[in-house]
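Q: When we follow numbering that gives the first Met the number 0, the leftmost residue of the sequence shown carries the number 0, and every step to the right adds one.
Don't be surprised by glycine CBs; every beta carbon is placed ideally from N, CA and C.
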Amino acid sequence: MDRVVSQLLAELDGLHSTQDVFVIGATNRPDLLDPALLRPGRFDKLVFVGASEDRASQLRVLSAITRKFKLEPSVSLVNVLDHCPPQLTGADLYSLCSDAMTAALKRRVRDLEEGLEPGSSALLLTMEDLLQAAARLQPSVSEQELLRYKRIQRKFAAC
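#1: Quick one: what's K69 bridged to in DSSP?
#2: Using only CA atoms, which one of L70, P84, P39 lies nearest to L122?
#3: What is the DSSP secondary structure of R41, reduced to helix, strand or coil?
#4: On the premise that A133 lies in contact with V79, defined as a C-beta separation below 8 Å, what is that separation, rounded to the nearest angstrom?
#5: Could you spell out where the alpha helix (DSSP H) holding F155 opens and where it closes?
#6: Where does the unbroken alpha helix (DSSP H) through A160 begin, and where does it stop?
#7: Apart from the five residues on each side of it in sequence, which residues of its chain come closer than 7 Å, Cβ to Cβ, to A102?
#8: Under 8 Å, do L8 and A35 count as touching if we go by C-beta distance?
#9: Please classify S39: is it buried, with 16 or more other beta-carbons within 10 angstroms of its beta-carbon, or exposed?
#10: If I follow the unbroken alpha helix (DSSP H) through N78, where does it start and stop?
#11: Looking at R41 and L11, is the spacing between their C-beta atoms short of 8 Å?
#12: Starting from the Cα of H82, find the closest Cα among L104, Q57, M100 and give me that residue.
#13: Taking the straight line between their C-alpha atoms, what separation do you get for Q143 and I23?
#14: Between the Cα of L87 and those of I64, L104, S51, spot the shortest distance and give me the residue it belongs to.
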C-alpha cells in the first residue's frame, strides 16, 4: 500500500499548475488517508457528501432515478418513501428502483407466457412494484455508521 501512495504522491507532485487537470478522489474512510495526501497542492479540498437526511432530499434523488421510467399514473413517490426506512443512501434508492423494475419485468414475462397482450410496448412500473420493493429494502448504512460519518465530517470540516 505504501508503494501505491508513494506513486500517487509522485504523480500529483508532477502535475504543473499550467495544466488544466483536476484530480478528484473519493473515499468512505477519509480518517484512514495518509496525511501526505491532504497537503496543499494535492487533495487539499475536502467535500463531505453524506446520505440524504430528510425525505425532501430523498424524494429528489428518487425522482431523478425514476425520471426516465414509465410510471403508472397512481404512483406516488412520496407514498413509496413513507414505506421506506429513514436512513437511505442514493445507492439504496437505486436498489429500490432496480428491484421494482425487476418485478415489473417478471410480470411482463409472465403475462406474455400466458398469452396476454401488453397494453403498450412500454414497461409500466406500478405502485405495487415499488411498495413490494420498499418492503424488502434494507438500508446499506446503519445508524451507527451514519453517526461515525458525521463525526468524521466534523473532524475534517476543520481542515
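A: Checking against the coordinates, here is how it stands:
#1: For K69, which the question treats as bridged, DSSP gives the partners L123.
#2: Sorting L70, P84, P39 by C-alpha distance to the C-alpha of L122 places L70 at the top.
#3: R41 sits in coil when the DSSP states are folded into three classes, being neither helix nor strand.
#4: So it is a contact: roughly 6 Å between Cβ atoms.
#5: Run containing F155: 142-156, per the alpha helix (DSSP H) assignment.
#6: The requested residue 160 is not part of the displayed model; the chain covers only 0 to 158.
#7: Excluding five sequence positions before and after A102, the CB atoms of its chain that fall closer than 7 Å to its own CB belong to D128, Q131, A132, given in chain order.
#8: At a Cβ-Cβ threshold of 8 Å, L8 and A35 count as neighbours.
#9: Contrary to the premise, residue 39 reads as Pro rather than Ser in this sequence. Under this definition P39 is an exposed residue.
#10: Residues 76-81.
#11: Contact annotation: L11 and R41 have beta-carbon atoms nearer than 8 Å.
#12: Of all alpha-carbon atoms in L104, Q57, M100, the one lying nearest the alpha-carbon of H82 is that of Q57.
#13: In a straight line, the C-alpha of Q143 is about 27 Å away from that of I23.
#14: The shortest C-alpha to C-alpha distance from L87 to any of I64, L104, S51 is the one to S51.
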